[in-house]
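Heads up: the structure comes next, in structure tokens.
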Amino acid sequence: MLELKNYRTQVHNDWCPGCGDFGIVNAIQMTLLEMQLEPHRIGLFSGIGCSGKTPHFVNAYGFHTLHGRVLPIATGAKLANPSLTVIAVGGDGDGLGIGAGHFVNTGRRNLDFTYVLHDNGVYGLTKGQASPTLPKGLKTKSMPAPSIVEGINPIAMAIASGYTFVARSYALDVRHLKATLRAAIEHRGSAFVDVLQTCPTYNDINTKEWYAGDDLPSKAPRLYKLEETGYDGRVADPTVRDETNSKKGNALLKSFEWGEKIPIGVFFKMEVATFEDQLANRMPALKEKPFVEHDIYSRDISPLLDELA
Amino acid sequence: MLELKNYRTQVHNDWCPGCGDFGIVNAIQMTLLEMQLEPHRIGLFSGIGCSGKTPHFVNAYGFHTLHGRVLPIATGAKLANPSLTVIAVGGDGDGLGIGAGHFVNTGRRNLDFTYVLHDNGVYGLTKGQASPTLPKGLKTKSMPAPSIVEGINPIAMAIASGYTFVARSYALDVRHLKATLRAAIEHRGSAFVDVLQTCPTYNDINTKEWYAGDDLPSKAPRLYKLEETGYDGRVADPTVRDETNSKKGNALLKSFEWGEKIPIGVFFKMEVATFEDQLANRMPALKEKPFVEHDIYSRDISPLLDELA
Amino acid sequence: MVNSFTWMIGGPQGSGINSVAENFAKACIRGGLHVFANIEYHSNIKGEHSYYRLRVDSREPRSHVDWVDLLVALDRETMFGDLNKVHPTHRGHRHEISPGGGIIYDSGLKLQPESFGRDDIKLFPVPYMDLLIDALKEFGKDKELSKYQVMVNTIALGASIGLVDYDFDLATEAIKEGFTGRKAALGDLNISAARHGYDYAKKMFGQNAFPIKLRKQPLGAKRMMIRGVQAIAIGKLKAGCGFQTYYPITPATDESEYLESHQPDYNMIVVQAEDEISAINMATGAAHAGLRSSTSTSGPGFSLMAEGLGWAGITEAPGPVIILWQRAGPATGLPTRTEQADLRFALHAAHGEFPRIIIAPGDVAECFYDTFDAFNYAERYQVPVIILADKFLASTYKDIPLFNTDGMKVDRGDLVQEADLAKSPDYKRYQFTDLGISPRARPGLKGGVFWTTGDEHDEYGHITEAADLRVRMMKKRMNKVELASQVIPNSKKAILHGPTSAPITLVGWGSTKGAILDGMEDLRADGIETNFLQIRYVNPFPTDFVQKVLSSSRRTVAVENNYSGQMAGLIRERTGIAIDSKVVKFDGRPFSQNEVYEGVKDVVRDGAKEVTLSHA
Amino acid sequence: MVNSFTWMIGGPQGSGINSVAENFAKACIRGGLHVFANIEYHSNIKGEHSYYRLRVDSREPRSHVDWVDLLVALDRETMFGDLNKVHPTHRGHRHEISPGGGIIYDSGLKLQPESFGRDDIKLFPVPYMDLLIDALKEFGKDKELSKYQVMVNTIALGASIGLVDYDFDLATEAIKEGFTGRKAALGDLNISAARHGYDYAKKMFGQNAFPIKLRKQPLGAKRMMIRGVQAIAIGKLKAGCGFQTYYPITPATDESEYLESHQPDYNMIVVQAEDEISAINMATGAAHAGLRSSTSTSGPGFSLMAEGLGWAGITEAPGPVIILWQRAGPATGLPTRTEQADLRFALHAAHGEFPRIIIAPGDVAECFYDTFDAFNYAERYQVPVIILADKFLASTYKDIPLFNTDGMKVDRGDLVQEADLAKSPDYKRYQFTDLGISPRARPGLKGGVFWTTGDEHDEYGHITEAADLRVRMMKKRMNKVELASQVIPNSKKAILHGPTSAPITLVGWGSTKGAILDGMEDLRADGIETNFLQIRYVNPFPTDFVQKVLSSSRRTVAVENNYSGQMAGLIRERTGIAIDSKVVKFDGRPFSQNEVYEGVKDVVRDGAKEVTLSHA
Ligand SMILES: Cc1ncc(C[n+]2csc(CCOP(=O)(O)OP(=O)(O)O)c2C)c(N)n1
Ligand SMILES: Cc1ncc(C[n+]2csc(CCOP(=O)(O)OP(=O)(O)O)c2C)c(N)n1
Ligand code: SF4
Ligand code: SF4
Ligand SMILES: [Mg+2]
Ligand SMILES: [Mg+2]
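Residue numbers (the numbering used here), protein chains in the order written: chain A, 1 to 309; chain B, 1001 to 1309; chain C, 2001 to 2616; chain D, 3001 to 3616.
Below, the structure written as structure tokens:
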């Protein structure tokens, strides 16, 4: 029986006090614990940013990659060894700014992995510039003037890109986040989780209090759970195009809700063949064991030479 | 009165016979003619690919840039000189493969320009590999096996990215294409036109005949015009969030139609302040004349030095 | 003359000159002859002028020459150029024909002999269309003429074989092999077309119309006809590479396509990435995960890989092996033409300092062996390895003996297993060791959990900003090139070809090898004795050997397919020795045998410091 | 001792050491003293140890030293390090205090004097919290203690001024300036805090507790306190740059933020791009459109810019000017630390060969003047220009005279106007001219329609694959570096500081200039006479001058902030001269005055070929 300590490292954590990232790393550890996944079977990948430091705090194979490049590196490792549980994490600048091209094109592959976006509306580690998710017209603490570009809607972007599991959660609701992460990891295919993350140092708009609705006349929390409204984003039969499209359409419409009410939970889910499945269909030997375990010492190239002779 | 010949160059055109790109370049020239835009007031930008050669055939300032980088280069030029009519063209690989990050992040800016995607489902100039728009499961002529990744839906991607004018047309319907391009150019803001383009050399699936519906029992053309169905993608009042969202939602749902029926026309349109407008609000001098025409010979930096003294 | 022959076929892109030329080449090899075949084409899909050169000889040619004995023109432009265009680019090949040589062309063009402007060549007008119709008629296909029109190239092939009086059956065989299974009928059609061309030539021009003959020779050991892209791909397969990423780009794509087409046989994962940034990073991810991995690109793609290369370097990834198929730059440049201008860039790509190994194979065979080694070194030293090849090597066919794989051993370096890990519980991926290399685990192994980061790190792979650790880690990493240098045999790093005592030393690297070796023979014939220092390892650089060779040479001449003589610069940086003269070419075309001769001759005659060649 | 003083303040990130140190520095400058101030910090937002060094002198210091006369510790770690962590990284600064120096620290820590392990330093425990509460009470804010807690730093500042017996009013003034408008009240609060610290020190430690005093000097001409990022930003504004793109990255961002904050005053467009690929390409687009443009980044971003750089090169774009703020690599490396390891990369970034100009300013003033020149050369020669700066230059404050802008003239090169175009109708953007530069139009001009492409092109800018045009265009482009070399004064390209006849020549480039100049004085005091060859233009490289200087030197020593001595390599490549010894530092920290002294001393004493320094 694995315990929480098995998922922790001794590395000094230097996030700002009160940073939402603590909630995310805790939820990741608790999810792994709950699933009793062995640390050596997990690959945790990150980009560059405050969020990028996450793998150092988790006892699992950890890859702290380059700014914006977490998805390609995670993809390569997963394809080499599909028996790993691969989780990628990264900032909103990392994933939707510099990494947007990979975000879009990784979604299309439907690799069996989970991508967790630390969505804090700012470039944390470079001191609070607007990130791509910051809505137009807003100005956080260290910006000289309000943003004049439209914010990206990560949920809509993920659905348009082809992720087959698309959800949103909240860094400070560790229970919900844990449940969401578990569903994402268990999903066979590309799972995307947009985690609303507070950055008390630079994002003075989307604060804990703001999410709690303290500024609203009603004082009611902004976040509400899709599951509790009867919303069902699951595609029962992906071969039925109409169902797929209408579920996608619903999810997209839902994703536009952002203001006094903000939905969290699973927006969309559909199970279809993964990229690895399809590769293995082409190369049945990959079904038997992951490629890294194949013998590469004795390949016979003579048929190739004969072909050219 | 400008004539068609004023928009043409003497450069030998080396596209394959029957290539849909001819339709696009013709439509561009005819649109410019119709609008009587003076060649020296136009900047035509392209990426790399068969489509990338377009500017050389058009008599206008022409920038044949790098693979995937047409949008940043066009953006820089437009900001330097907003008085130019800026049109960017490029392949689907150029725009949604290697260039996807710029596609997404340019949409957000709402620069006043037009982006024309030569959507042929293949990487033409590199000999027919699958482009990002090729639907999963298909195998064009020079592919060794069918694609195992989901195709990108450019319309959905454009809407999710924030383009404020999103339309589709067909390279071989020069009339419709011309009308669409004109609407796109006249739109104040980022206009995206997904042009279905036949590539007779490599794309043996989405052929002229296929678009004409020759393979269908009905023999009816696949393409139909949104305008003729009463569909209206125009947001009357962008300040009304609900209208904006519902129009976006409709457009997204429409964009999923792809099969026996394929809609062309304007999916979405909304007029809001452009990036240049907003910059000029911050720097009123930019309203008077484009930056390139300002005097830069005599800037006085002494206030800055005094600030530091 | 017998068995010393250069043939060229030219025509618009899409007219199938490749397959025809390759069939001719195959027929020659099957007859015991040797070939060297290379193509020039535009960045275009259909219509622009392309041409394929085939050099046939009784001894193995290692390069091409700039003249043509027999030109096959599929169109007018091949002979006369495109001077009719508003922006003309060339004047055709008729002036390249050697005195006494000839042209096969379409008699349907109705050209006046005077229009060729040469009275020293033979004209062989052939009624392409009529012959094709005749050939089709035999199969009842003459109604579908437009569908088969491309087959005029095969008629011209037949006519060529007729003129040089070669064994037609060998051509038949070569053609047949190209059309197997459902395409067999097409093969017969083509054979018939060739036959019509052959018969026509024999009949109309007579037995001695053309002065050069090709004659079969006794067959020796089995030989392959192979291009650089294939040699490198096969090297990867032999090395146990399991993961290849690519983004389409000329001239690299062919390598990935070759691998993809053999994917199921070797369980090789080939992924078309969304761009080259993704391509290198995927490959590095796979390498860290324990799979031998590789990516293949050309200059523009490599430019995008710089950052990823640095990450592989600082994280001590066991690879990837990166094949840099150079082409003429900068930027898009001349995308389908050759150049050797990325040497310095390969050496310095990415910010900061980290170890890398760079190998520049000189010919098709070296492509194979160097690629194999590359994977061993990548894993042994946990460094990225770059192979510097180019468009010329990529697309040039040669016949060579089958690769000798005896003694080739996959060496995965210090790759730890679960059993080892169980023994020593505190595993550190970046441990400082006496040998200077840290034992390497892979994700999935129990007990091997590690971290890796592009930040400076401690032995566990956790971020550190400690100055002392930084210094030790830098030294550890940078020292690996030194370690590799001690183990890689000097004989692999640089080779001195020719007499040690020659007064003139030619210096080159990569694909110029063949032209230099052949050019040296012409120089010798002219009384100019040279040797040739081939530098095969750019890093670790064979400083001592180069120093020794060059300091005992009376005159040194760099022969490089770039503008500035990048290798000459590197040599001076490493040895202090200034190369006396540079013979350079940067028009996007490869060196020919005669250009090497001419360039060096200029240097010898005038003491020229710099000779720029351009023959096209 | 008077007016020769090094002060350091250390504390967790977020404790506001910057503003305190800068206020102290300002107070010194206002009193006619001179400062050199630099900061070391982690890649972290809050909590990690950072420290700010302030060197004050009656003569202008150009570098820092590795000892501290008075250390202000805002926390325990500043004194004792983080040895309590599982992965410790440093042992604090107490051992850096000069004998007879002292520490100001929080008496609330209740440290035993023995715990410092030094009996040669003075301890100045100050009750930070009590004094802060007292100060707050005066404003009735003592209930909001937690909100104002960061102000203990100002208490420590006050105490420091008390100990060195400096003019408190100057500190008051400096603090006040930082809090204008709505924040004025906060200024008063801070002044009160400083006053409490000052009074406490005076009262408790007495007049002569600390051996070094600071005394006002007569004020000369007005001086600024300025950092490299500001100098370069102001250089851009002066040069008429109208367009700056950036993607956030340490240490480059500060420059863009400075420009952004002055945007409305100068109509400077500042765009935060989605990545560095976009940043460089936007800037090149703007340059082609006729606007002076620039982008600013650090190593990781520059790695992504390689391809775009090549496009600017082949299209002969009149810019952009690229500021490469080097930091310690590779990959993410030590993101907030300094290094000079991108010299070779800047020189060779991007595939293929094309011209570029590279300037490496040596100090804050040169940052300004070189940036101004960069735009002139970019437009005149239609090339990208790279300025090689680094984190050390970026963040280091110095006091210098106001920039002298007399005679600085914007030179836009051969920029044609509509009137010119009307005269010559067949405009060719890439015309071959006698001068070697093509007159440049910009989109929007009637009659100037042109094309531009990253493919090889003809004079109109249309694609060509013609060999002869290729050769001419390559020569035209590459020759521009030669043209620039003839026009850029040699006196700008390299400077020999110190006596021409000195037997030892130190060679350096970029930000090491100050430490080298100061270190030379120590060497001279020790009887070692040196001079210093500062290479300011990396390209065009001042080959002849360097050759002349080095060949007449008895011993040459490269001083570089990188592992491999990149400039030494470049010098050997260009001149054949091997630099005798290298003094290098690659721990992410800049050279200090004493390190230059120590390194060169080692070389002189032992004839060491290579000395690696690391003082941190
Ligand atoms: C190529 C490159 N460009 C820029 C940077 C500098 N950089 C470091 S972190 C960061 C942004 C962080 O923002 P985000 O991704 O949102 O992560 P957060 O810190 O908010 O978790 C940037 C731009 C870099 N490391 N690499
Ligand atoms: C960085 C880089 N990678 C790869 C290439 C090679 N390349 C040239 S065109 C092209 C793709 C063309 O496809 P698309 O963009 O769809 O344009 P099309 O030819 O279909 O019009 C590629 C990959 C390149 N020029 N630059
Ligand atoms: S800056 Fe923001 S995101 Fe980064 S650690 Fe601090 S609170 Fe968290
Ligand atoms: S390959 Fe396709 S897209 Fe390219 S020119 Fe030919 S038909 Fe057009
Ligand atoms: Mg963020
Ligand atoms: Mg395409």
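Heads up, the beta-carbon is just placed ideally off N, CA and C, and yes, glycines get one too. In this text the structure is predicted, and so the values were computed from the model without any measurement.
Mind checking if E1150(B) is an interface residue toward chain A, Cβ cutoff 9 Å exclusive? yes
Compute the minimum distance between the beta carbon of C16(A) and the heavy atoms of ligand 1, and state whether it is under 8 Å. no
Residues that H3462(D) bridges to, as DSSP identifies them: Paired residue(s): none; H3462(D) is not in a bridge.
Contact with chain A by T3250(D), beta-carbon distance below 9 Å: yes
Rounded to whole angstroms, how far is the Cβ of S2614(C) from the Cβ of A3467(D), which I believe are closer than 8 Å? Contact between S2614(C) and A3467(D) holds: CB atoms are separated by about 5 Å, below the 8 Å threshold.
Three-state secondary structure assigned by DSSP to T3452(D): strand
Since A167(A) is in the beta strand (DSSP E), which residue starts that stretch and which ends it? Segment 165-170, the beta strand (DSSP E) holding A167(A).
Near F2243(C), what residues of its chain come up, given a Cβ to Cβ distance below 6 Å and the 5 sequence neighbours on each side ignored? I2269, A2286, L2291, S2293
Any idea if Y3537(D) is buried or exposed, counting beta-carbon neighbours within 10 angstroms, 16 or more meaning buried? buried
Between E3177(D), P3355(D), R3215(D), which lies nearest to F3005(D) when the distance is taken from Cα to Cα? R3215(D)
Does Y2381(C) have its Cβ less than 9 Å from a Cβ in chain A? no
In chain order, what are the residue ranges of uninterrupted alpha helix (DSSP H) at least 4 long that sit wholly in the region 1277-1304 of chain B? 1285-1288
Indicate, with yes or no, if ligand 2 has a heavy atom lying under 8 Å from the CB of V1122(B). yes
Between S3278(D), K3476(D), A3394(D), K3548(D), which has its C-alpha nearest P3361(D)'s C-alpha? Across the set S3278(D), K3476(D), A3394(D), K3548(D), the C-alpha of A3394(D) shows the shortest separation from the C-alpha of P3361(D).
Taking I3039(D) as the reference, which of P3425(D), I3155(D), S3058(D), H3064(D) has the closest Cα? H3064(D)
Can you give the beta carbon distance from H1102(B) to P1144(B), rounded, assuming they're within the 8 Å contact cut? Not really, about 30 Å apart at Cβ, beyond 8 Å.
Mind checking if D1014(B) is an interface residue toward chain C, Cβ cutoff 9 Å exclusive? yes
Rounded separation between V2410(C) and Y297(A) - CA only: 6 Å
Taking 7 Å as the limit between beta carbons, can you name the residues of its chain near G2310(C), skipping five residues before and five after? A2350, H2351, G2352, F2354
Using CA coordinates, which residue listed in E3379(D), G3101(D), I3358(D), D3363(D) is at the minimum distance from I3516(D)? D3363(D)
Whole-angstrom distance between D1021(B) and Y1123(B), CA atom to CA atom: 13 Å
Identify every residue that forms a DSSP beta bridge with Y3052(D). Beta-bridge pairing links Y3052(D) to I3009(D), I3039(D).
With a threshold of 16 other CB atoms inside 10 Å of the CB of Q2272(C), please say whether the residue is buried or exposed. buried
Listed by chain order, chain C residues near I3314(D) by CB distance under 9 Å: Within chain C, the residues near I3314(D) are G2329, P2330, A2331, T2332, G2333.
Does any C-beta atom of chain A lie closer than 9 Å to the C-beta of Y2052(C)? For Y2052(C), the answer is no, since every Cβ of chain A falls outside 9 Å of its Cβ.
For Q2486(C), would you say it is in contact with chain D, using Cβ-to-Cβ distances shorter than 9 Å as the test? For Q2486(C), the answer is no, since every Cβ of chain D falls outside 9 Å of its Cβ.
In three-state DSSP terms, what is S3298(D)? DSSP, reduced to helix, strand and coil, places S3298(D) outside both helices and strands of the structure shown, so it counts as coil.
Anyone know if the C-beta pair for I2161(C) and A2201(C) falls short of 9 Å? yes
Leaving out five residues before and five after D2455(C) in sequence, what residues of the same chain have Cβ atoms less than 6 Å from its Cβ? I2463
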